[in-house]
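Q: Just passing along the structure, written as structure tokens.
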Amino acid sequence: MITVAQAVEKIIKNSPFIEDALFDGLINVSSLARKIKSEVEVILKKEVKQGAIVMAINRLSPSEYLRINTKIKFFLQSLGDIVVRSGLSDYTFAYSDELTIKQTKLLKLLHRNKDVFCTFSQGVSERTVIISTTFKKEMERIFKEEKILAVKEELSSITIRLPKENVEIPGVYYFILKKLAWEGINLVEIISTTNEFTLVVNDKYVDQTFSLLMRLKKEGE
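Each residue of the sequence shown is one higher than the one before, starting from 1 at the first, in the working numbering.
Okay, here's the thing in structure tokens:
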């Protein structure tokens, strides 16, 4: 039979933001108990006293949370350069048989324009190209017969060089994305390779995003 403690743990583990804030001491335990009381009662199918929920919250073990957070803080010390590029546009095309051919044409042009930023990402039914806005005319010429699903301009990218250990530590991307969400920074795209992590944001967020990432690096020191 499930206990109050187990019900409370299940609810909080399913709400990562609440879990983080709780163990960081940013949440009033009594208020949290009052908020989740109805959920606990639904799980247990009976009335539960708020005091029992408070006690269960206070007894939650933060050991796993702290262990992961400690690893991430050490990881932050190893973050490499942060590279910012501005003047980008984001094009999303519906998939077509000709899309790859046109993408190849674009790559041939880019071979002669090595300063132009360009990245591709492919989904099941669409493909996105993020490219320097200075290449807008060439983009529109090459892809003029393709169906455009969305175009976003006035974008910037912030690329973080990651140490090779990033694939061995759980929660690295979540830790960074959580901080961005708390700051109210909206992400247009996320691009990752093995050792690089790129965030694409509207120009109005680029200074705020860069400052936040620099603060994260300093937190690890």
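Beta carbons are placed, not taken as given, at the ideal position from N, Cα and C, and that holds for glycine.
Strictly by DSSP, which residues pair up with residue 90?
A: As a working mapping, residue 90 is identified with position 90 in the sequence shown. Residue 90 pairs with 130, 152.
Q: Would you mind stating whether residue 222 and residue 57 have Cβ atoms separated by less than 8 Å?
A: No answer is possible for residue 222: it lies beyond the span of the chain, which begins at 1 and ends at 221.
Q: What's the C-alpha gap between residue 190 and residue 9?
A: Against the sequence shown, residue 190 aligns to sequence position 190. Against the sequence shown, residue 9 aligns to sequence position 9. Spanning the two alpha carbons is a distance of roughly 31 Å.
Q: CA-CA distance, residue 101 and residue 202?
A: Translated into the one-based positions of the sequence shown, residue 101 becomes position 101. Translated into the one-based positions of the sequence shown, residue 202 becomes position 202. In a straight line, the C-alpha of residue 101 is about 30 Å away from that of residue 202.
Q: Using only the alpha-carbon positions, how far apart do residue 61 and residue 123 sit?
A: As a first step, residue 61 must be located in the sequence shown, where it is residue number 61. As a first step, residue 123 must be located in the sequence shown, where it is residue number 123. Each residue's Cα considered, the two are about 40 Å apart.
Q: Per DSSP, what are the beta-bridge partners of residue 158 in this structure?
A: In the sequence shown, the residue the question calls residue 158 occupies position 158. Beta-bridge pairing links residue 158 to 84, 199.
Q: Reducing DSSP to helix, strand and coil, say where residue 60 ends up.
A: In the sequence shown, residue 60 corresponds to position 60, counting from 1. Residue 60: coil per DSSP, three-state reduction.
Q: Which residues in the same chain as residue 11 place their Cβ atom closer than 8 Å to its Cβ, once the five residues preceding and following it in sequence are excluded?
A: As a first step, residue 11 is located in the sequence shown; it is residue number 11 there, counting from the start. The residues are 36, 39, 40, 43.
Q: May I ask you to verify whether the segment 168 to 188 touches the segment 132 to 151, counting CB pairs closer than 8 Å and requiring at least 3?
A: No, the segment 168 to 188 is not in contact with the segment 132 to 151.
Q: Is residue 216 closer than 8 Å to residue 162 when the C-beta atoms are compared?
A: On the sequence shown, residue 162 is found 162 positions in, with the first residue counted as 1. On the sequence shown, residue 216 is found 216 positions in, with the first residue counted as 1. No, these two residues do not count as a Cβ contact at 8 Å.
Q: Could you check which residue in 115, 97, 139 has the C-alpha nearest to that of residue 89?
A: On the sequence shown, position 89 is the one that residue 89 refers to. Nearest C-alpha to residue 89: 139.
Q: Who are the Cβ neighbours of residue 149 in its own chain at under 8 Å, not counting the five residues just before and after it?
A: Taking the sequence shown and counting its residues from 1, one reaches residue 149 at position 149. Around residue 149: 92, 93, 94, 126.
Q: From what residue to what residue does the beta strand (DSSP E) around residue 191 run?
A: Looking up residue 191 in the sequence shown gives position 191. Residue 191 -> beta strand (DSSP E) spans 187 to 192.
Q: Which class does residue 125 belong to by DSSP, given the choice of helix, strand or coil?
A: As a first step, residue 125 is located in the sequence shown; it is residue number 125 there, counting from the start. Of the three classes helix, strand and coil, the one that applies to residue 125 here is coil, per DSSP.
Q: Quick one, which of 26, 104, 131, 171 has its alpha-carbon nearest residue 153's?
A: The residue given as residue 153 occupies position 153 in the sequence shown. Among 26, 104, 131, 171, the Cα nearest to that of residue 153 is on 131.
Q: Are the Cβ atoms of residue 197 and residue 72 separated by less than 8 Å?
A: What you label residue 197 is simply residue 197 of the sequence shown in a count that begins at 1. What you label residue 72 is simply residue 72 of the sequence shown in a count that begins at 1. Against a cut-off of 8 Å, the Cβ pair of residue 72 and residue 197 comes out as no contact.
Q: With DSSP collapsed to three states, give me the class of residue 120.
A: Taking the first residue of the sequence shown as position 1, residue 120 is located at position 120. Residue state, collapsed to three classes: strand.
Q: Since residue 86 and residue 206 should fall inside the 8 Å C-beta cutoff, what is the C-beta to C-beta distance between them, to a whole number of angstroms?
A: Residue 86 sits at position 86 when you count from the first residue of the sequence shown. Residue 206 sits at position 206 when you count from the first residue of the sequence shown. About 7 Å separates the two Cβ atoms, so the contact holds.
Q: Taking DSSP as the reference, what is the three-state secondary structure of residue 207?
A: Reading the sequence shown from its first residue, position 207 is the one you call residue 207. Of the three classes helix, strand and coil, the one that applies to residue 207 here is helix, per DSSP.
Q: Determine the extent of the alpha helix (DSSP H) in which residue 141 is found, giving its start and end residues.
A: Translated into the one-based positions of the sequence shown, residue 141 becomes position 141. Looking at the DSSP string, the run of the alpha helix (DSSP H) that includes residue 141 is 136 to 142.
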